[in-house]
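Taking numbering that gives the first Met the number 0, the leading residue of the sequence shown gets 0, the next gets one more, and so forth. Just so it is clear, CB atoms sit at the ideal spot from N, CA and C, and this is done for glycine as well. This structure is a prediction, so every number in the text was calculated from the model and none was measured. A quick write-up on the structure given underneath.
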Amino acid sequence: MSDDKAEDRYTVPALARGLQLLMSFNRDERELTGAELSRRLDLPRASVFRMLQTLEQGGFVERVGDGASYKLGLAVLRLGFEYLASMELTEHGRPVIEDLRDLCGYSAHVVVRDNREVVFVAKAAGRSAMFHSIQVGARLPAHATVLGRLLLSDLDINALRHLYPEEPLPAYTARTPTHLAQLKAMIDEDRARGFAVSQGGFETGISTIAAPVFNDRNEVVAAVSITVPAQRVQEAELDVLINQVRDAAAQLTERISHTPNRGGWMTKTTEKRAA
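Shown next, in the form of structure tokens:
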């Protein structure tokens, strides 16, 4: 029996269809009707209705008012938080970014990459009550952010082309790279620098400073970042913040890889900062 047939033998089609149904919801389409789901999944309406009823009983979807639309339920959120709580990165990362927040005063985060998006998996809120930084679970486009470019740094041009087969890439600001050659050049610059800085590059009035986190195979698995509520950070403060973020990333690397700081990206230098 081939591997594919063996896998098919142990697959539960109804469960697979239920998971596909849940994944049809996203941040742009938060509410969908049974008819819309039936068309997307290419399934009979009666089958979709039974799946919705089952998922609704478990709290995974909720009916929107008295209409025909559904949205994701709290059970999905609980699963997400349980997953985040179980991740080694969040377990080890939380005290690291809390120390970083206490040191610099700004909101600190641990982020990972999910395909073409950056996902915030841990956060330590900053001291400023006037500034609410991004929340855990939030997603940003990887190619358009310094966070994403750090997390894409292990990919060569062929892997990037596979991930981004279309050109031009979506532009969010005038600084967003819209072609793979531009994106690869920016990734390589950040990798050579050992950290990344964006001052108003993705969101006006916000500066981000980030550094990579490595596993025991020297692969970039996450990034530590801080968010500064300012369009530009003063030169003297920026140097200090960069080193604080890099130290925090090095600490998290040591925690998850169980190896001491191995140099490379982790060497302290604040030369060639990004704009």
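Rounded to whole angstroms, Ala221 and Ala45 show a C-alpha spacing of 43 angstroms. When secondary structure is reduced to three states using DSSP, Phe213 falls in the strand class. Cβ contact annotation for Val47 (same chain, cutoff 8 angstroms, sequence separation greater than five): Leu20, Gly33, Leu36, Ser37, Leu40, in chain order. Close CB contacts of Leu102 within its chain, under the 6 angstroms cut and outside five residues either way in sequence, are with Gln243 (chain order). Counting only runs that start and end inside the stretch 133 to 185, the alpha helix (DSSP H) elements of at least 4 residues fall at 145 to 150, 156 to 162.
Separation of the CB atoms of Val223 and Ala247 is rounded to 5 angstroms, and the pair is thereby assigned contact status at 8 angstroms.
Scanning Gln250, Ala191, Arg245 for the CA closest to the CA of Ile208 turns up Arg245. Leu31 carries a strand assignment under DSSP once its states are collapsed to helix, strand and coil. Judged by their CB atoms, Arg126 and Met185 are not nearer to each other than the 9 angstroms cut-off.
Here Val117 is actually not in contact with Thr89; their C-beta atoms are around 15 angstroms apart, not less than 8 angstroms. Shown here, Ala124 sits in coil according to DSSP, grouped into three states, outside any helix or strand.
Contact check for Ala141 and Ile225: beta-carbon distance about 19 angstroms, past the 8 angstroms limit, so the pair fails to qualify. Annotation: the continuous alpha helix (DSSP H) that includes Ser256 extends over 234 to 256. At the C-beta level, Leu150 and Leu159 stay beyond 9 angstroms of one another.
Secondary-structure assignment with DSSP links Val95 through no beta bridge to anything. CA-to-CA, the gap between Glu97 and Arg254 works out to about 15 angstroms. In the structure shown, the three-state DSSP call for Ala221 is strand.
Val75 sits in a helix when the DSSP states are folded into three classes. Beta-bridge partners assigned by DSSP to Ser206: Gln198, Val227. If you draw a straight line from the Cα of Leu146 to the Cα of Asp153, it is about 13 angstroms long. Ala107 is bridged by DSSP to Ala123, Ile225. When the beta-carbon positions are compared, Val110 and Val95 stay at least 9 angstroms from each other. When rounded, the separation of the alpha-carbon atoms in Arg216 and Asp189 is 20 angstroms.
Counting along the chain, the unbroken beta strand (DSSP E) around Val60 starts and ends at 60 to 62. Per DSSP, reduced to three states, the secondary structure at Ser68 is strand.
By the C-beta density criterion, Tyr9 is exposed, having fewer than 16 other C-beta atoms within 10 angstroms. When beta bridges are read from the DSSP output, Arg26 appears opposite no residue. Close CB contacts of Ser197 within its chain, under the 6 angstroms cut and outside five residues either way in sequence, are with Val145, Thr207 (chain order).
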